[in-house]
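First up is the structure itself, then whatever we jot down about it.
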Amino acid sequence: MRIIAKSTIKKFWEQPAYRDAQGPLESWYEESLTANWTSPQAIKNQYRNASICNNNRVVFNIGCNKYRLVVEMQYRAGIAWIKFIGTHAQYDLIDVETVNDY
């Protein structure tokens, strides 16, 4: 998959409050680069705790569910577009289907 963009997740983990997210986010990024997700089921096969949402959005639990990563999938193009990264509490305040922080 093509991930847009690594700089987005890097900016997140470079913030002092979120440094512990670096390892889990790097792992997700590396796994996603080699993935070939052509459907929501393909994602669920690899990440059974991922939440498939409307508007081609997927929510990944990062760092033992401490963080949430919202991605818009473009399955045919092989693109995962990062739309939101935040704590579980921050995630509770957003609309997954429309959030576009990046």
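Residue numbering for the sequence shown follows this note's numbering, beginning at 9 and increasing consecutively. We put the CB at the ideal spot given by N, CA and C, even for glycine.
Between residue i and chain C, is any beta-carbon pair separated by less than 8 angstroms?
i	result
residue 55	No chain C appears in this structure, which consists of one protein chain only.
The alpha helix (DSSP H) that contains residue i, what's its start and end?
i	result
residue 77	No alpha helix (DSSP H) contains residue 77, which is instead part of the beta strand (DSSP E) from 75-82.
Could you check which residue in the options has the C-alpha nearest to that of residue i?
i	options	result
residue 18	77, 51 and 9	77
residue 80	24, 41, 35 and 106	106
residue 13	61, 100 and 40	40
residue 23	86, 38, 58 and 93	93
residue 110	32, 9 and 20	20
residue 64	91, 56 and 54	91
residue 46	103, 100, 10 and 32	10
residue 104	36, 62 and 84	62
residue 86	69, 102, 48 and 108	48
residue 73	43, 95 and 37	95
Taking the beta strand (DSSP E) that residue i belongs to, which residues open and close that run?
i	result
residue 88	87-95
residue 102	Neither: residue 102 is in no beta strand (DSSP E) and is coded neither H nor E.
residue 67	65-70
For residue i and residue j, which I take to be in contact (beta-carbon distance under 8 angstroms), what is that distance rounded to the nearest angstrom?
i	j	result
residue 6	residue 98	Given a span of 9 to 110 for the chain in the structure shown, any question on residue 6 remains unanswerable.
residue 70	residue 33	6 angstroms
Could you give the uninterrupted runs of the beta strand (DSSP E) lying entirely in the segment 16-57, keeping only those of 3 residues or more? none
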